[in-house]
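>
In UniProt numbering, the protein residues as written are 1 to 191.
#1: Tell me whether residue 87 sits in a helix, a strand or coil according to DSSP, three-state version.
#2: Is it buried or exposed, residue 86, if we count other Cβ atoms within 10 angstroms and call 16 or more buried?
#3: What's the gap between the Cα of residue 148 and the Cα of residue 61?
#4: Suppose the cutoff is 8 Å on Cβ atoms and the five residues either side in sequence are ignored; what does the same chain contact list for residue 44 look like?
#5: Taking 8 Å as the threshold, find out whether the stretch 149-169 comes into contact with the stretch 49-56 through three or more Cβ pairs.
#6: Return helix, strand or coil for residue 42, following the three-state DSSP convention.
#7: Counting Cβ pairs, one atom from each stretch, are 3 or more of them under 8 Å apart for the stretch 90-103 and the stretch 163-170?
#8: Tell me whether residue 4 is buried or exposed, calling it buried when 16 or more other Cβ atoms sit within 10 Å of its Cβ.
#9: Quick one: what's residue 132 bridged to in DSSP?
#10: Does the beta-carbon of residue 106 have 16 or more other beta-carbons within 10 angstroms, so that it is buried, or is it exposed?
#11: Excluding sequence positions up to five away, which residues of its chain have a Cβ less than 6 Å from the Cβ of residue 42?
#12: Distance, Cα to Cα, residue 70 vs residue 79?
#13: Between 134, 126, 73, which lies nearest to residue 98 when the distance is taken from Cα to Cα?
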């Protein structure tokens, strides 16, 4: 959680904004993953939770269309040429900034944290309301927004980068990009 706070992917909610209309508080819990005897923890926010008789946040969100290309065709385009190039986006969802008016639906409660003078993290007893400033994982629309944003950027720069635009649309699956090229020069151009 502290990583979200330090990277400003979440922010504390000011007291004077507590009376907003479209409020939703995200329940969350820790999830443990063990790989090669190493334990990693991550936080899971549940946008599908709801009170009896009321919709969840995910129920209120439009999922958007599926913009993912045919993965078989994409992999064939990657594997057939001599040279393959891959890239993987980092924390795809958290790269997208939420509009201020949408942040009210991403609130959650957490402890107030402070760093001591010797850079140690200290957790206080006080509970603070936070909200996301970036798109969190687990929302119905989370898969659509990064793909839609990437396609929109490709369209905006189509005149400047016409070849890249075509390949972004056809060779990007979620946050993974793959392309095959036949020559070193072509590979360097794409790199």
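Just so it is clear, CB atoms sit at the ideal spot from N, CA and C, and this is done for glycine as well.
Reading it off the structure:
#1: strand
#2: exposed
#3: 16 Å
#4: 28, 29, 30, 31, 138
#5: no
#6: strand
#7: no
#8: buried
#9: 10
#10: buried
#11: 31
#12: 14 Å
#13: 134
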